[in-house]
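Structure first, commentary second.
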Amino acid sequence: MATTDPTATPTTFDLQGKVDRAESTLHSPRTAAVALGSNLGNRLETLQGAVDALEDTPGVRVTALSAVYETDAVGGPENQPSYFNAVAVLRTSLPPQDLLERANAVEDAFGRVREVRWGPRTLDVDVLAYEGVTSDDPQLTLPHPRAHERAFVLAPWQDADPAAEVPGHGPVADLLAGLGGAAAQGVRLRADLQLRLPE
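Structure follows, in structure tokens:
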């Protein structure tokens, strides 16, 4: 006997299977890379605070950290202080959009104000790449649309993950070499400074 109950159709079971698979994907950790930058206030303390805040996020584990690099501000208002830059490699079960929302919340917690394009900031947290995901979404483009041409991103990224690749562009090490290396782009290793990997 036929039924009009939509929950009894095979299509519903297929849909349920898709939902189950999507949920299982969310609980399977992926690797992501996040860039950190600061050029206002106590820059090193701010970067460390951002690392700790990411680690304190349910579904996020910081697995590797780069050294600290110093870079002169490029673009935006003149006479900005130089930036401290670093990259954190994460294992996360958060979907990409949720990771972005958490990154923005960490920025806000450290007083990030978005008033001037490329202006000085207490903290910048950018999702560079997320394992297995490419996206043209204006809210979250993956990989980050300018990561492959920024030595201040590539140098710490290579430091944190020597085998890293920018999807669609190639190995981070090759991209950095193509720019002439970190020093050629004014990116300076600060061997006297260190970020602490959360325990």
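For the sequence shown, numbering that gives the first Met the number 0 begins at 0 and goes up steadily by one. All residues carry an ideal CB built from backbone N, CA and C; glycine is no exception. Just so we're clear, the structure is a prediction, and the values are computed from it rather than from any experiment.
I need the DSSP call for residue i, collapsed to helix, strand or coil.
| i | result |
| --- | --- |
| PHE151 | helix |
| LEU178 | coil |
| ALA287 | Since the first and last residues shown for the chain are 0 and 198, residue 287 lies out of range. |
| GLY48 | helix |
| ASN78 | coil |
| GLU164 | strand |
| ASP55 | coil |
| ARG195 | coil |
| ARG42 | helix |
| PRO170 | strand |
| ALA31 | strand |
| ALA128 | strand |
| ARG60 | strand |
| THR10 | Note that THR10 scores 38 on pLDDT, short of 50, meaning its location in the model is unreliable and no value can be drawn from it. |
| VAL73 | coil |
| ARG120 | coil |
| ARG101 | helix |
Count the other CB atoms, across all protein chains shown, that sit within 10 Å of the CB of residue i; report buried if there are 16 or more and exposed otherwise.
| i | result |
| --- | --- |
| GLN193 | exposed |
| GLN47 | buried |
| ASN84 | buried |
| GLY110 | exposed |
| ASP191 | exposed |
| ARG20 | Note on ARG20: pLDDT 42, under 50, position unreliable in the model; the coordinate value appears next. Exposed: under 16 other Cβ atoms inside 10 Å. |
| ASP136 | exposed |
What does a CB cutoff of less than 8 Å around residue i pick up in its chain, not counting 5 residues either side in sequence?
| i | result |
| --- | --- |
| GLN138 | GLN96, LEU99 |
| SER134 | PRO95, THR140, LEU141 |
Out of the options, point me to the one whose CA is closest to residue i's CA.
| i | options | result |
| --- | --- | --- |
| ARG42 | VAL132, THR56, VAL86, LEU122 | LEU122 |
| ARG189 | ALA128, THR140, ALA66 | ALA66 |
| GLY169 | PRO28, VAL126, PHE151, HIS147 | HIS147 |
| PRO80 | ARG90, VAL88, GLU69 | GLU69 |
| VAL59 | GLY110, SER37, ARG29 | ARG29 |
| GLU106 | VAL50, GLY167, ALA32 | VAL50 |
| LEU93 | LEU53, PRO166, LEU35 | LEU53 |
| ALA163 | ASP191, GLU77, VAL86 | VAL86 |
| ASN78 | LEU153, THR45, ASN38, ALA104 | ASN38 |
| LEU196 | ALA159, PRO144, ALA63, ASP136 | ALA63 |
| GLY167 | VAL73, ALA159, ASP160, ARG145 | ARG145 |
| VAL33 | VAL124, ALA154, ASP136 | VAL124 |
Leaving out five residues on either side along the sequence, give the residues of the same chain with a beta carbon under 6 Å from the beta carbon of residue i.
| i | result |
| --- | --- |
| ALA172 | GLN157 |
| ASP71 | SER81, GLY185 |
| THR56 | ARG101 |
| GLY36 | TYR82, ASN84, ASP123 |
| LEU153 | VAL171, LEU174, LEU175 |
With DSSP as the reference, please indicate the residues paired to residue i in a beta bridge.
| i | result |
| --- | --- |
| SER134 | LEU141 |
| ASN84 | GLY36, TYR68 |
| ARG90 | THR30, ARG60 |
Only counting the same chain, and skipping five residues up and downstream in sequence, which positions put a Cβ closer than 7 Å to that of residue i?
| i | result |
| --- | --- |
| GLY40 | THR121 |
| ALA150 | LEU175, LEU178, ALA181, GLN184, VAL186 |
| ALA31 | LEU89, THR91, LEU98, VAL126, ALA128, TYR129, GLU130 |
| ALA108 | ALA52 |
| VAL165 | ALA128, PRO142, ALA146, HIS147, VAL171, LEU174 |
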